[in-house]
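Report on the following structure.
Number of protein chains: 2
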Amino acid sequence: MERLKERVAHIGQYAVTLLKWMVLGGVIGLVGGIIGSLFHIGVDTATQVRLAHSWVLYLMPVGGLAIVGLYRLTKTEGKGTNDVIASVHFGEQVPGLLVPVIFVSTVITHLCGGSAGREGAALQIGGGIGYQAGRLLRLGEKDLPLATLCGMSGVFAALFGTPLTATVFALEVISVGVLYYAGLVPCLTAALTGYLVSVLMGVPPTRFTVTVPGLEVRTMLLVMVLALLCAVVSILFCRGLHGVERLLKRTLKNPYLRVAVGAAVLIGLTLLTNGDYNGAGMEVIGRAIAGQADPWAWVWKLLFTAITIGCGFKGGEVVPSFFVGAAFGCVAAGWLGLPAGFGAAMGLVSVFCGAVNCPLASIILSVELFGSGDLLYFAMACSISYLISGYCGLYSSQTILYSKLRAEFINVRTHE
Amino acid sequence: MERLKERVAHIGQYAVTLLKWMVLGGVIGLVGGIIGSLFHIGVDTATQVRLAHSWVLYLMPVGGLAIVGLYRLTKTEGKGTNDVIASVHFGEQVPGLLVPVIFVSTVITHLCGGSAGREGAALQIGGGIGYQAGRLLRLGEKDLPLATLCGMSGVFAALFGTPLTATVFALEVISVGVLYYAGLVPCLTAALTGYLVSVLMGVPPTRFTVTVPGLEVRTMLLVMVLALLCAVVSILFCRGLHGVERLLKRTLKNPYLRVAVGAAVLIGLTLLTNGDYNGAGMEVIGRAIAGQADPWAWVWKLLFTAITIGCGFKGGEVVPSFFVGAAFGCVAAGWLGLPAGFGAAMGLVSVFCGAVNCPLASIILSVELFGSGDLLYFAMACSISYLISGYCGLYSSQTILYSKLRAEFINVRTHE
Chain A
661 MERLKERVAH
671 IGQYAVTLLK
681 WMVLGGVIGL
691 VGGIIGSLFH
701 IGVDTATQVR
711 LAHSWVLYLM
721 PVGGLAIVGL
731 YRLTKTEGKG
741 TNDVIASVHF
751 GEQVPGLLVP
761 VIFVSTVITH
771 LCGGSAGREG
781 AALQIGGGIG
791 YQAGRLLRLG
801 EKDLPLATLC
811 GMSGVFAALF
821 GTPLTATVFA
831 LEVISVGVLY
841 YAGLVPCLTA
851 ALTGYLVSVL
861 MGVPPTRFTV
871 TVPGLEVRTM
881 LLVMVLALLC
891 AVVSILFCRG
901 LHGVERLLKR
911 TLKNPYLRVA
921 VGAAVLIGLT
931 LLTNGDYNGA
941 GMEVIGRAIA
951 GQADPWAWVW
961 KLLFTAITIG
971 CGFKGGEVVP
981 SFFVGAAFGC
991 VAAGWLGLPA
1001 GFGAAMGLVS
1011 VFCGAVNCPL
1021 ASIILSVELF
1031 GSGDLLYFAM
1041 ACSISYLISG
1051 YCGLYSSQTI
1061 LYSKLRAEFI
1071 NVRTHE
Chain B
661 MERLKERVAH
671 IGQYAVTLLK
681 WMVLGGVIGL
691 VGGIIGSLFH
701 IGVDTATQVR
711 LAHSWVLYLM
721 PVGGLAIVGL
731 YRLTKTEGKG
741 TNDVIASVHF
751 GEQVPGLLVP
761 VIFVSTVITH
771 LCGGSAGREG
781 AALQIGGGIG
791 YQAGRLLRLG
801 EKDLPLATLC
811 GMSGVFAALF
821 GTPLTATVFA
831 LEVISVGVLY
841 YAGLVPCLTA
851 ALTGYLVSVL
861 MGVPPTRFTV
871 TVPGLEVRTM
881 LLVMVLALLC
891 AVVSILFCRG
901 LHGVERLLKR
911 TLKNPYLRVA
921 VGAAVLIGLT
931 LLTNGDYNGA
941 GMEVIGRAIA
951 GQADPWAWVW
961 KLLFTAITIG
971 CGFKGGEVVP
981 SFFVGAAFGC
991 VAAGWLGLPA
1001 GFGAAMGLVS
1011 VFCGAVNCPL
1021 ASIILSVELF
1031 GSGDLLYFAM
1041 ACSISYLISG
1051 YCGLYSSQTI
1061 LYSKLRAEFI
1071 NVRTHE
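From first to last, the protein sequence lines are chains A and B. Basically this note's numbering = 1-based index in the first sequence + 660. Basically this note's numbering = 1-based index in the second sequence + 660.
This is how it looks when you write it as structure tokens:
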């Protein structure tokens, strides 16, 4: 009888956990989904305005000064995605003010044509929502990180329409070589809820169509070479972004001056190019996957993004990494004799994987973006890119708990 | 200059690791693919013979005695999948003789109509090949486990034609809550090679077609209920198998007597039923996914498998878990008002997930078996089944490093 009671209590514990996270994940996903969808609509509207009125570009210095002022005013200077990751690691606080601040700053960045994504912002908005919700509900130190992860996946899912990628990404991005399995149900619930909300609010999910060759050895070997090249590009991407940021910080110590100079340079570069490198560039990514890309597009995008983020504008690095990967993959496919669109799809996923060190999220991203016909090529490309990119990564607060090289526990940080 | 040298050496280390595992994984995958394909052909031929000559059933006691004798003769008694998992954990030896012994025993089991799978055998054959290859090549203690994992995924991929599932399964099955990322490139290379070899040797990959409802809230809620029920079935499955095995061992201490009695009981049960529960039962699984299953088929299969494995026959528990899940899911879908074939597919993946504690491998299994149209339903079902099945599992040598309930490091064993 005692034993039966114990057993029932044991099973009850799991049922209660399931129910708890269904509700919590659902609520966080609902809030995250609404705010994430509004954010998506905000960024889209800003982009439409910019495209309709080309003179808005010249407001870039003003926009930059406003962003720096906003961060200074709210005492959130220097806070970003790294702090959200650190919060999951060490339970540090995610400032609640970060949510509106990153929201507005990213919309401003897109309005004036800065080159940035939106999922860095999504992670911060989501992480902030999740963390604050967890605090409000007085979750303990073992549950609070899961709430933060819930928020991250909910908003990510609402923005991209890829709920499973959002889930696995949130679980995988915190530590290299570790997946936070305990967050599976919470994050998936939040991501699904966020996604459904975004669909109801009219946000279209990101999808591409790509024709993929059948599985054969020759193509597989070429994909491996392409993945190797993409891993190198992902290293250049991370180093480029971090290097330019450091350089600008060292040479221009005043943040107002820095953002003004950066904006001026960006305006100059925009006038030199055709506008492809301003904003997120989703339509350029689409063109690359359809088989069209300028040979140097990936270098331009890297440069634009490095200056935009480095001088103080806000947004994210994930869509730029998609852009750089797709544009590079499209061009490199030509050298290797692979179909250009297929190369672009491969490049998108591989460079993302190398930059964020999340191979499983990247493989699932390929399924959610492109369908499952080509799973094995993508899986091979992601695992190679994951290995070769080493401990180079976008997020310096990622810890590396297990070696990429052998079955060994290590505990270090990614570096740029 | 020094710094440059260091950097080149650093990058070189990754390139060398990549090359090393491409070659090692390829070789292990090649050997594993050939032996795995032969094994597949052997089991298939045995099944054909059994179906053509119904009197072969009565040879079951003789077959059982031969198996027990074989294990005794080669001093591999009691060795099995658990030892392969333990070898990856602690570097213990996987006896080389296990490879031919499990090969022959499984073919005998299928010949006389025992109810068993083939992937338990596949993991042992593969693990044995990988471990012995690693020893032969004098790999160190950090690399030897990866070689064992390579073998496991190579043979698994050859048998099922699902290379990515094979990869993630090998990386995920060792410890609950931990994924062996360092094995990604090695295992994927081995799995792809094994798969390609199996295709060349004429082994057809396992695939099913299932029609899946579009994503909507009502269906999602019903899927959650189904997943909960499947988690309970997976617990019954593991407990049933382990319980019957313990009971038989306790009541019939002599292994020859045990297998003879078990065989006699199985012959009796076979005469009572229609033959659906002998062998692997892939065609019954196919029927369930097409929407047809007897209401009690899952209970019968559980019973047949528990006696088969418990009394000393060999094979695996994974295909039986597919069978039980598909048959149960098909029936339960009727209660819930879900399409029967969809319920069967959901049940197959969920019960497998609950039994082996590998949620990501299960999600990827759903993509490889059924395509990506229904990813989110499967993902939700797997994550619920993973959580609710608790620390119950097929493999008692699985360690649980991270809690399923919260973000917490624990370090215990699965139990039945």
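We treat Cβ as the ideally placed atom computed from N, Cα and C, and that holds for glycine.
What residues of chain A sit near residue i, judged by a beta carbon separation below 7 angstroms?
{"i": "B:LYS1064", "result": "TYR841, ALA842"}
{"i": "B:PRO823", "result": "LEU1036"}
{"i": "B:CYS904", "result": "Contrary to the premise, residue 904 of chain B reads as Val rather than Cys in this sequence. Here the premise fails: no neighbours, minimum Cβ distance about 19 angstroms."}
{"i": "B:VAL845", "result": "SER1043, ILE1044, LEU1047"}
Bridge partners for residue i per DSSP, in chain order?
{"i": "A:SER1049", "result": "Answer is none; A:SER1049 lacks a bridge partner."}
Below 7 angstroms on C-beta distance, what does residue i contact in chain B?
{"i": "A:ASP803", "result": "ARG1066"}
{"i": "A:LEU848", "result": "ALA1039, MET1040, SER1043"}
Quick check on the burial criterion: 16 or more other C-beta atoms within 10 angstroms. Buried or exposed for residue i?
{"i": "A:PHE1030", "result": "buried"}
{"i": "A:ASN934", "result": "exposed"}
{"i": "A:ARG906", "result": "exposed"}
{"i": "A:ALA948", "result": "buried"}
{"i": "A:LEU1008", "result": "buried"}
{"i": "A:VAL722", "result": "exposed"}
{"i": "A:PHE1069", "result": "exposed"}
{"i": "A:TYR1062", "result": "buried"}
{"i": "B:ARG778", "result": "buried"}
{"i": "B:ARG910", "result": "exposed"}
{"i": "A:VAL683", "result": "exposed"}
{"i": "A:HIS713", "result": "exposed"}
{"i": "B:ARG878", "result": "exposed"}
{"i": "A:HIS749", "result": "exposed"}
{"i": "A:THR827", "result": "buried"}
{"i": "A:LYS913", "result": "exposed"}
{"i": "B:ALA669", "result": "exposed"}
{"i": "A:LEU664", "result": "exposed"}
Among the options, which has the Cα closest to the Cα of residue i?
{"i": "A:PRO740", "options": "A:VAL703, A:LEU733, A:LEU783", "result": "First, the amino acid is wrong: residue 740 of chain A is Gly here, not Pro. With distances taken between Cα atoms, A:GLY740 lies closest to A:LEU783."}
{"i": "A:MET1006", "options": "A:THR968, A:SER1045, A:LEU804, A:VAL691", "result": "A:SER1045"}
{"i": "A:LEU831", "options": "B:SER835, B:ALA830, B:LEU831, B:LEU839", "result": "B:LEU839"}
{"i": "B:TYR848", "options": "A:LYS665, A:PRO1019, A:ARG878", "result": "According to the sequence displayed, residue 848 of chain B carries Leu and not Tyr. Per the Cα distances, A:PRO1019."}
{"i": "B:CYS898", "options": "B:ALA1015, B:CYS772, B:PHE829, B:TYR916", "result": "B:ALA1015"}
{"i": "B:GLY997", "options": "B:LYS735, B:GLY693, B:VAL885", "result": "B:VAL885"}
{"i": "B:ILE895", "options": "B:ASN1017, B:VAL703, B:VAL748, B:GLY1003", "result": "B:ASN1017"}
{"i": "B:GLY989", "options": "B:GLY1001, B:PRO980, B:VAL904", "result": "B:GLY1001"}
{"i": "A:ASP803", "options": "A:GLY729, A:SER858, A:GLY685", "result": "A:GLY685"}
{"i": "A:ALA957", "options": "A:THR677, A:TYR937, A:PHE1012", "result": "A:TYR937"}
{"i": "B:LEU678", "options": "B:SER765, B:VAL759, B:LEU844", "result": "B:LEU844"}
{"i": "B:THR736", "options": "B:LEU901, B:GLN673, B:GLY972, B:THR808", "result": "B:GLY972"}
{"i": "A:ARG867", "options": "A:VAL744, A:LEU1025, A:LEU771, A:ILE694", "result": "A:LEU1025"}
{"i": "A:GLY788", "options": "A:LEU917, A:VAL815, A:LEU824", "result": "A:VAL815"}
Could you list which residues in chain B have their beta carbon closer than 8 angstroms to that of residue i, in chain order?
{"i": "A:LEU1020", "result": "VAL828, LEU839, LEU1020"}
{"i": "A:LEU852", "result": "MET880, LEU1036, MET1040"}
Taking Cβ-Cβ distances shorter than 9 angstroms, what residues in chain A pair up with residue i?
{"i": "B:VAL877", "result": "LEU856"}
{"i": "B:LEU806", "result": "ARG1066, ALA1067"}
{"i": "B:VAL722", "result": "Going along chain A, no residue has its Cβ under 9 angstroms from B:VAL722, so there is no contact; the nearest lies around 41 angstroms."}
Give the residues of chain A in contact with residue i, contact being defined as C-beta atoms less than 8 angstroms apart.
{"i": "B:VAL919", "result": "Going along chain A, no residue has its Cβ under 8 angstroms from B:VAL919, so there is no contact; the nearest lies around 32 angstroms."}
{"i": "B:VAL984", "result": "Correct list: empty, because the minimum Cβ distance to chain A is about 20 angstroms."}
The segment 1025–1057 of chain A: which residues have C-beta closer than 8 angstroms to a C-beta of chain B, in chain order?
VAL1027, GLU1028, GLY1031, SER1032, LEU1035, LEU1036, ALA1039, MET1040, SER1043, ILE1044, TYR1046, LEU1047, ILE1048, GLY1050
Counting only Cβ-Cβ distances shorter than 9 angstroms, please list the residues of the segment 668–693 of chain A near chain B, keeping chain order.
HIS670, ILE671, GLN673, TYR674, ALA675, THR677, LEU678, TRP681, MET682
Using a Cβ-Cβ cut-off of less than 9 angstroms, give me the residues of the segment 746–777 of chain A that come near chain B, in sequence order.
Within the segment 746–777 of chain A, the residues whose Cβ lies closer than 9 angstroms to any Cβ of chain B are, in chain order, VAL748.
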